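The opening position of the sequence shown corresponds to residue 2 in the working numbering, with each subsequent residue numbered one higher.
Working notes, beginning with the structure itself.
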Amino acid sequence: MAPSTLLKAALIGNPNSGKTSLFNQLTGLNQKIGNFPGVTVDKKTGISKLTSSLQAEIVDLPGTYSLYPKSADEQVVMDYLFDAFLKGAPDFLIVVIDASTLERNLLLFTQVRDLGFPVVLALNMLDLAERDGKKIDINKLIGKLNVPVVPVNARTGEGIEQIKFAMACPVHNPPERYLKPSELSPGVVSAIKEHMKMDNDYMALLLAHQYEGMLSLSEYDKAAIHAIVKDNQFQSTSTQSSETLKRYDLIRGIIKDTISTPVVSSDKARWSERIDKILTHKVYGFALFFVVLFVMFQAIFAWAQYPMDLIDGLMSFLKNIVKDILPPGSLTDLLTEGLIAGLGGVLIFIPQIAILFGFIAVLEETGYMSRVMYIMDKVMRQFGLSGKSVVPLISGVACAVPAIMATRSIDNWKERLITIFVTPFMSCSARIPVYTVLIALVIPQKPILGVFNLQGVVMMGLYLLGFIAAILSALVLHWILRSKERGYFIMELPTYKMPRWKNVGLAIIEKVKTFVFEAGKVILAISIVLWVLATYGPKKGMEETTQAAEQEAKVKHYTPSETENFIASKKLEASYAGHFGKLIEPTIKPLGFDWKIGIALITSFAAREVFIGTMATIYSIGDQAEESETVVQKMRSEKDPETGQAFYNVARSLSLLVFYVFAMQCMSTLAVVYRETKSWKWPIIQFMFMTAVAYLSSFAVYSFFK
Numbered sequence: 002m003a004p005s006t007l008l009k010a011a012l013i014g015n016p017n018s019g020k021t022s023l024f025n026q027l028t029g030l031n032q033k034i035g036n037f038p039g040v041t042v043d044k045k046t047g048i049s050k051l052t053s054s055l056q057a058e059i060v061d062l063p064g065t066y067s068l069y070p071k072s073a074d075e076q077v078v079m080d081y082l083f084d085a086f087l088k089g090a091p092d093f094l095i096v097v098i099d100a101s102t103l104e105r106n107l108l109l110f111t112q113v114r115d116l117g118f119p120v121v122l123a124l125n126m127l128d129l130a131e132r133d134g135k136k137i138d139i140n141k142l143i144g145k146l147n148v149p150v151v152p153v154n155a156r157t158g159e160g161i162e163q164i165k166f167a168m169a170c171p172v173h174n175p176p177e178r179y180l181k182p183s184e185l186s187p188g189v190v191s192a193i194k195e196h197m198k199m200d201n202d203y204m205a206l207l208l209a210h211q212y213e214g215m216l217s218l219s220e221y222d223k224a225a226i227h228a229i230v231k232d233n234q235f236q237s238t239s240t241q242s243s244e245t246l247k248r249y250d251l252i253r254g255i256i257k258d259t260i261s262t263p264v265v266s267s268d269k270a271r272w273s274e275r276i277d278k279i280l281t282h283k284v285y286g287f288a289l290f291f292v293v294l295f296v297m298f299q300a301i302f303a304w305a306q307y308p309m310d311l312i313d314g315l316m317s318f319l320k321n322i323v324k325d326i327l328p329p330g331s332l333t334d335l336l337t338e339g340l341i342a343g344l345g346g347v348l349i350f351i352p353q354i355a356i357l358f359g360f361i362a363v364l365e366e367t368g369y370m371s372r373v374m375y376i377m378d379k380v381m382r383q384f385g386l387s388g389k390s391v392v393p394l395i396s397g398v399a400c401a402v403p404a405i406m407a408t409r410s411i412d413n414w415k416e417r418l419i420t421i422f423v424t425p426f427m428s429c430s431a432r433i434p435v436y437t438v439l440i441a442l443v444i445p446q447k448p449i450l451g452v453f454n455l456q457g458v459v460m461m462g463l464y465l466l467g468f469i470a471a472i473l474s475a476l477v478l479h480w481i482l483r484s485k486e487r488g489y490f491i492m493e494l495p496t497y498k499m500p501r502w503k504n505v506g507l508a509i510i511e512k513v514k515t516f517v518f519e520a521g522k523v524i525l526a527i528s529i530v531l532w533v534l535a536t537y538g539p540k541k542g543m544e545e546t547t548q549a550a551e552q553e554a555k556v557k558h559y560t561p562s563e564t565e566n567f568i569a570s571k572k573l574e575a576s577y578a579g580h581f582g583k584l585i586e587p588t589i590k591p592l593g594f595d596w597k598i599g600i601a602l603i604t605s606f607a608a609r610e611v612f613i614g615t616m617a618t619i620y621s622i623g624d625q626a627e628e629s630e631t632v633v634q635k636m637r638s639e640k641d642p643e644t645g646q647a648f649y650n651v652a653r654s655l656s657l658l659v660f661y662v663f664a665m666q667c668m669s670t671l672a673v674v675y676r677e678t679k680s681w682k683w684p685i686i687q688f689m690f691m692t693a694v695a696y697l698s699s700f701a702v703y704s705f706f707k
């Protein structure tokens, strides 16, 4: 074959069947993410090298239990198959099946085969089936299904070469006819086939059920199918039920002939079911989830401290080397106080972000995250949400952008909109640098009960505060938004598994890279701009300010070091950044903030974590006394010009903390909300609401503690 030969394939399967793990094994790093045409659902495609002269482009379709969609993700699968049916592509489908739940998984397989697509069946999780005492006769299964069946382990990569061989040398068996749609609704099927000029009975039946939501159907075709359905008094619900029952009758026969299951004593429950009795308990389940969160936030402080100190020391060392090598001047100051200070503000938080994402990856890998969704469903419904809302909310602890995109699995539009609206209240990883610095300013590293760290307790309190704000806001929206649509929570609890540490490591690396290279670029750019704005100002004003500061320093008999820092602080106030901060200072002064904090608030709308880079840049201006000082030390030494006391006292620091807990300070989040709701109305309302909550809460905290 020519080197350019490229087959087209798609992976289809139930949620939790290992489909995406198989996709990763087949494609490795040759992946890209886009969107399916006409919708915002992610489209993952990748290239798999089958032979030296043959490659396959593989699409990872969203997980679905059947071809009767219940969510936006599942609708994408049906749209893709209809388009493929019309265009004669892909070359084949790889149906991924969980061998431990073969009966349920075969429902989707029989539907796909009835559409006539060439199929390779990837039989995954055989180890779990064998652990349950099930023995599958692969040869008999091949004979019953009449398609290539390849045993695989998507977690370890076992069977991947056999899958590639099956793709490179496909066996195109004639399509089965597991169902006779003409027996269910003969008039509808024949009429739609004639109108659409197609020869597949089952696709005609699916169109009768789903024509209204199909993206590829023209309005003319929809109107024609609507007339056919109406004329034949087609009953979609009862017809679908009849089809499902017929398919399961057939599937049970296949299972009986291909699987042998030893008789197991009824009182000998599986160990996973025993664990579920605890983890999904209405009391113990919540208590254990609280403990898991508590341990996670303790680890963010306790485990990250040493690597953070190491990174801080390295950045200070680099700063001093640059100053020793380069002559004094603006370029040296730009590199040390602008570039390196901003870079340090990014890198120092890598350990904490790595720990956070590591915990989340382990919870997902083990199957515990699904249990959390299950136990939280009843609670969430009281606030207009559902158990499916838990995943976006917990994901929001990492980043609101993918969390909001994860709401696509919620089929009820009202519940989805509420979840989108309140998810940014969850404290994302971008807030960790802000929390860390402000907590370190006023909360001592004091042990509690000899085990816990007071700073970690406060950190968890901030996360809980964000969660409380999210569910209370959801309750308000639940009352405001009126919808007759009811949501249902249906999901399968995956079996418990040991985490695949390679996947955990890759998840950590991916998220840290995203933080460093995406947020880092913004932070560095803003740090450099800020250094320029904080170093320069109107020429006449800067000269007059410098002269006045020199005279005042002489009168007060400052030392040379004190004089230099005093002049630098006055020049900062007279700089362009200072003028800008002074402009907004009257608005934020009731919260205890000054013009320096005002600069940081504005810049952090690009990304919350920019706050630290901004403060590092501002407080590095003219800092010659102690080059190794951290941002915390510099902020701690800042004095209130009115009282002479520490500027960052308890009242001001807590006020700033609360502001960052509630404020919508992320342009990327606003952009993704617009993308998901297809309207600027909701992101604008969301921004105004969260800003108002942040301002009023911050004002209340400052007034109380002052």
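Where a beta carbon is used, it is the ideal one built from N, C-alpha and C, also for glycine.
Owing to the predicted nature of the structure, the values given are computational and were not obtained by experimental measurement.
Any Cβ of chain C within less than 8 Å of the Cβ of residue i?
i, result
"Asp-80", "No chain C is present in this structure, which holds just one protein chain."
Go through its chain and collect everything with a Cβ distance to residue i's Cβ below 7 Å, but skip five positions before and after it.
i, result
"Gly-39", "Legend: pLDDT at Gly-39 = 46, less than 50; position of this residue unreliable, value from coordinates given subsequently. Counting only Cβ-Cβ distances below 7 Å, and skipping sequence neighbours, we find Leu-216."
"Gln-26", "Ala-155, Gly-158 and Ile-161"
"Ser-267", "The predicted position of Ser-267 is uncertain, since its pLDDT is 39 and thus under 50; a value taken from the coordinates is nonetheless stated next. Cβ within range, chain order: n/a, list empty."
"Val-674", "Ile-405, Ile-421, Trp-683, Pro-684 and Gln-687"
"Tyr-285", "Ile-279"
"Lys-583", "Trp-596"
"Glu-244", "Leu-180 and Leu-185"
"Trp-681", "Tyr-675"
"Lys-447", "Leu-455"
"Arg-501", "Arg-156 and Glu-366"
Quick one: using the 10 Å Cβ neighbour count with 16 as the cut-off for buried, is residue i buried or exposed?
i, result
"Pro-328", "exposed"
"Tyr-661", "buried"
"Thr-588", "exposed"
"Gln-634", "exposed"
"Phe-358", "buried"
"Thr-157", "exposed"
"Asp-138", "exposed"
"Ala-693", "exposed"
"Gln-211", "buried"
"Lys-512", "buried"
"Leu-7", "exposed"
"Glu-563", "exposed"
"Phe-318", "exposed"
"Thr-560", "exposed"
"Gly-254", "exposed"
"Leu-602", "buried"
Can you list, in chain order, the residues of its chain with a C-beta nearer than 6 Å to that of residue i? Leave out the 5 residues immediately preceding and following it.
i, result
"Pro-698", "Sequence check: residue 698 is Ser here, not Pro. Counting only Cβ-Cβ distances below 6 Å, and skipping sequence neighbours, we find Val-659 and Phe-663."
"Leu-348", "Ile-312"
"Leu-107", "Ile-252"
"Phe-700", "Pro-591 and Leu-592"
"Ala-404", "Pro-393, Ser-396, Gly-397 and Thr-424"
"Asp-641", "Phe-648"
"Ile-472", "Phe-384"
"Met-370", "Leu-364"
Check the C-beta distance from residue i over to residue j and give it rounded, since I have them as a contact under 8 Å.
i, j, result
"Ala-355", "Ile-509", "5 Å"
"Leu-534", "Ile-598", "No, Leu-534 and Ile-598 are not in contact; Cβ-Cβ is about 15 Å, not under 8 Å."
"Phe-86", "Leu-127", "Actually they do not touch by this definition, with Cβ atoms about 31 Å apart."
"Met-616", "Lys-572", "Contact doesn't hold; Cβ gap of about 18 Å is too wide."
"Ala-90", "Lys-9", "5 Å"
"Gly-388", "Met-377", "6 Å"
"Glu-366", "Lys-498", "7 Å"
Under the DSSP definition of a beta bridge, which residues are partnered with residue i?
i, result
"Lys-9", "Glu-58"
"Asp-99", "Asn-125"
"Pro-448", "Asn-454"
"Ser-49", "Ala-57"
"Ala-647", "Lys-640"
"Glu-159", "Asn-154"
"Ser-261", "Lys-136"
Please list, in chain order, all residues of the same chain as residue i whose beta carbon is under 8 Å from its beta carbon, the five residues on each side excluded.
i, result
"Thr-111", "Glu-177, Tyr-179, Leu-180, Arg-248, Leu-251 and Ile-252"
Quick check: the region 50 to 67 against the region 179 to 199, are there 3 or more CB pairs under 8 Å? no
Contact between the region 432 to 448 and the region 634 to 649 is defined here as three or more beta-carbon pairs at a separation below 8 Å; is this criterion met? yes
For the pair the region 464 to 482 and the region 425 to 432, tell me if three or more CB-CB distances fall below 8 Å. yes
Contact between the region 192 to 210 and the region 230 to 242 (3+ Cβ pairs under 8 Å): yes
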